[in-house]
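J.: Residue numbers (the numbering used here): 1428 to 1509.
We put the beta carbon where it would ideally sit given N, CA and C, even for glycine.
Small disclaimer: the values here were computed from a predicted structure and weren't measured.
Structure representation (structure tokens):
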């Protein structure tokens, strides 16, 4: 049995949603807007950042983004995943 074949797509979507919600919550708690965070982590487009935060157009944060976001929010990266 291939684990990837048996993982329902909805589980992946829920996982991405959890991460995005955590990032949005931390951004708001820190009093930052999307543009400020995007520029801090090296994303030059607020539209791209917004798409990642809202899971639009199948965009999501990658591991480098999560690492940089964790540093920005003074967290360990895994704290954005749970």
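(1) Skipping 5 residues on each side, what residues in its chain have a beta carbon closer than 7 Å to that of residue 1457?
(2) Tell me which same chain residues have a C-beta within less than 8 Å of the C-beta of residue 1487, skipping the five on either side of it?
(3) With DSSP collapsed to three states, give me the class of residue 1487.
(4) Spatial neighbours of residue 1483 within its chain, please: CB distance less than 8 Å, with the 5 preceding and 5 following residues excluded, ordered by chain position.
(5) For residue 1452, count neighbouring Cβ atoms within 10 angstroms of its own Cβ and tell me buried if that reaches 16, exposed if not.
T.: So, from the listed chains and residues:
(1) One-based indexing of the chain shown puts residue 1457 at position 30. Result list for residue 1457: 1500, in chain order.
(2) Position 60 of the chain shown, counted from the first residue, corresponds to residue 1487. Excluding residues within five positions, the ones whose Cβ falls inside 8 Å are 1443, 1446, 1447 and 1479.
(3) Taking the chain shown and counting its residues from 1, one reaches residue 1487 at position 60. Three-state DSSP puts residue 1487 in coil, outside helix and strand.
(4) As a working mapping, residue 1483 is identified with position 56 in the chain shown. Counting only Cβ-Cβ distances below 8 Å, and skipping sequence neighbours, we find 1477.
(5) Within the chain shown, the letter at position 25 stands for residue 1452. With fewer than 16 Cβ atoms within 10 Å of its Cβ, residue 1452 is classed as exposed.
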